[in-house]
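Undergrad: In my numbering, the protein residues as written are 5 to 199. Glycine included, each C-beta is placed from N, C-alpha and C at the ideal position. None of the values given here were measured: they were computed from a predicted structure.
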Ligand code: GLN
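1. Using 7 Å as the cut-off, classify the Cβ of residue 163 as near or not near the heavy atoms of the ligand GLN, replying yes or no.
2. Between which two residues does the alpha helix (DSSP H) carrying residue 30 extend?
3. Please classify residue 99 as buried or exposed, where buried requires at least 16 other C-beta atoms within 10 Å of its C-beta.
4. Whose C-beta lies closer than 6 Å to the C-beta of residue 174 among residues of the same chain, with five residues either side of it excluded?
5. DSSP on residue 23, reduced to helix/strand/coil?
6. Give me the DSSP bridge partner(s) of residue 146.
7. Check this for me: beta carbons of residue 78 and residue 191, under 8 Å apart or not?
8. Are the beta-carbon atoms belonging to residue 47 and residue 33 less than 8 Å from one another?
9. To the nearest angstrom, report how far apart residue 108 and residue 148 are at their CA atoms.
10. I believe residue 61 touches residue 103 by the beta-carbon criterion, under 8 Å. Please report the beta-carbon distance rounded to the nearest angstrom.
11. Who are the Cβ neighbours of residue 152 in its own chain at under 6 Å, not counting the five residues just before and after it?
12. Name the residue from 189, 64, 67 whose alpha carbon lies nearest to the alpha carbon of residue 131.
13. Report the CB separation of residue 157 from residue 128 in whole angstroms; it is logged as a contact under 8 Å.
14. Can you have a look at residue 202 and say buried or exposed, based on whether 16 or more other CB atoms are within 10 angstroms of its CB?
15. Exposed or buried, residue 74, counting other C-beta atoms within 10 Å across all chains shown (16 or more means buried)?
16. From this set, 121, 15, 92, which residue's C-alpha is nearest residue 55's C-alpha?
17. For a test of the three-state rule: what should DSSP assign to residue 137, helix, strand or coil?
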């Protein structure tokens, strides 16, 4: 079984750990570089991207994570995690940094106030015919997709909410709280394939 980490500095860590364990993975909560060094893939949870950015720098995880992305380590980011994997941000706070890796421009808090949180069915052809039940919680939207990234899903209005590039997967919503396991399975298959 692949050993995977969930970045556990802030955000909805527990839901990801539970989902990955249910799928049979050996899961490590990553808070320190030594813990990160022991995993073959990383999930970056939802939360607040500016806080995750600051904490990963304070705890000396930002550089090792960037290096691992450069080496092709599989990573899966949901919501704030997608923001952390984006090469470019719109509406970032002053000085906010990302790990990068996905050739996309992501807008934080992209949905209007009244609809900043909602649930809906999203078609994700790469995961099969059954739509994904997705929970959006102050989620980002992918505004521009560069030539190196692939769109996996868009809403009816065209907003891109799931992208993939090499071994990186980033989505705007939270499958871990709606019991949708196919993204985590896709991530784990990629980790296993690289092992
Ligand atoms: N709005 C948050 C951010 O900018 C993301 C919200 C989430 O992860 N649920 O980081």
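TA: On the basis of the coordinates in this document:
1. no
2. Run containing residue 30: none in the alpha helix (DSSP H); it sits in the beta strand (DSSP E), 30 to 34.
3. exposed
4. So the list reads 81, 86, 89, 106, 167, once near-sequence residues are dropped.
5. helix
6. 110, 164
7. yes
8. Contact check for residue 47 against residue 33 fails: the beta carbons are separated by 8 Å or more.
9. For residue 108 and residue 148, the distance between alpha carbons rounds to 6 Å.
10. Not really, about 11 Å apart at Cβ, beyond 8 Å.
11. 107, 169
12. 189
13. 4 Å
14. The structure shown does not extend to residue 202, since the chain spans only 5 to 199, so no value can be given for it.
15. exposed
16. Nearest in C-alpha terms to residue 55, of all of 121, 15, 92, is 15.
17. strand
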